[in-house]
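Numbering (full-length UniProt numbering), first residue to last: 1 to 268.
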């Protein structure tokens, strides 16, 4: 019987992997050369407008809409998730119907609908609807209500991941339904809720670009205003791309840290 010295063993050559790696490297180099060599990208214009005050103001508005949309959407999402798990059928049906409705309608359609709400209701509580529903309020309402439907599903999944015995223990201690949810179930569910919420936050940031169709001065709308004057369409779109990539990269790094932190509870 022959023996094999494992220490002297060499990894088996995998020509397929080497070939795939070479092809991918060539593709990346070709794309990089296309970006650098093509004068129509006008990188000098990109550098000129990258820190333009109007662009930075639009970036700030995009971040503001993201924070407001996620905050309001998360609060409403918690309420909807609790409603979906309620023992009271009408509340459960209403919450489930809301989630299905707002997940089924594209966010762009929702934004346009809220922006044109004055067509259906010229006045609201005696106030002119056009004075109340500005591009900003329409954007906040549309993004928040749409986000709430997705956050409701994330929160619901987190709640269902909590051991039912925790609820029984809370009831045995005399906690009511509301106290059990807020003090026992929800804090434990956060381990499951937080990581996908990071992904949802990033998606919402990119989704704020839709508000440009209702003349909201976000990042995309700001570069559109500039290229409508300068006719530098591609360079200005690249300015927007650079900022989106920078912010999303930073947020992705933060999300990875959150996932590692909340995943420690499952490490043996």
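Every residue gets a Cβ at the ideal spot worked out from N, C-alpha and C, and that includes glycine.
Note that the structure is a prediction, hence the values are computed from the model and not measured.
| Check | Outcome |
| --- | --- |
| What does residue 124 pair with, by DSSP beta-bridge criteria? | 127 |
| DSSP three-state call for residue 38: helix, strand or coil? | coil |
| Figure out for me which residue from 147, 100 and 18 has the closest Cα to the Cα of residue 197. | 147 |
| Just the Cα atoms here: how many angstroms apart are residue 78 and residue 228? | 42 Å |
| CB-CB under 6 Å to residue 61, same chain, minus the five flanking residues each way: which ones, in chain order? | 217 and 218 |
| Around the Cβ of residue 156, are there at least 16 other Cβ atoms within 10 angstroms (buried) or fewer (exposed)? | buried |
| May I have the straight-line CA-CA distance separating residue 127 from residue 76, to the nearest angstrom? | 25 Å |
| Please state if the CB of residue 115 and the CB of residue 140 are separated by a distance shorter than 8 Å. | no |
| Between which two residues does the alpha helix (DSSP H) harbouring residue 229 extend? | 219 to 230 |
| Would residue 243 be called buried (16 or more neighbouring beta carbons within 10 Å of its own) or exposed? | buried |
| Within 10 angstroms of the Cβ of residue 203, are there 16 or more other Cβ atoms? Answer buried if so, exposed if not. | exposed |
| Residue 223 and residue 111 look like a contact to me (Cβ under 8 Å); what is the Cβ gap, rounded to whole Å? | Wrong, their Cβ atoms sit about 19 Å apart, outside the cutoff. |
| What residue does the alpha helix (DSSP H) around residue 210 start on, and which one ends it? | First-last for residue 210: undefined, no H or E at that position. |
| Looking at residue 166 and residue 192, is the spacing between their C-beta atoms short of 8 Å? | no |
| In terms of residues, what are the limits of the alpha helix (DSSP H) holding residue 86? | It is not in any alpha helix (DSSP H) - residue 86 carries neither H nor E in the DSSP assignment. |
| Are any of the Cβ atoms in chain B nearer than 8 Å to that of residue 97? | Looking for chain B here will not work: only one protein chain is present. |
| Whole angstroms are fine: how far does the CA of residue 226 sit from the CA of residue 118? | 30 Å |
| Which residue wins for smallest C-alpha separation from residue 194, given the options 258, 150 and 160? | 258 |
| What alpha helix (DSSP H) runs, 4 residues minimum, are completely inside the stretch 106 to 187? | 107 to 115, 129 to 132, 135 to 160 and 164 to 172 |
| Is the stretch 20 to 32 in contact with the stretch 169 to 181, if contact means three or more CB pairs nearer than 8 Å? | no |
| Which same chain residues end up closer than 8 Å to residue 342 when comparing Cβ atoms and leaving out the 5 residues on each side of it in sequence? | In the structure as shown, the chain begins at 1 and stops at 268. Residue 342 is therefore absent and cannot be evaluated. |
| Where does residue 235 land, buried or exposed, given buried means 16+ other C-beta within 10 angstroms? | buried |
| Tell me whether the beta-carbon of residue 135 lies closer than 8 Å to the beta-carbon of residue 210. | no |
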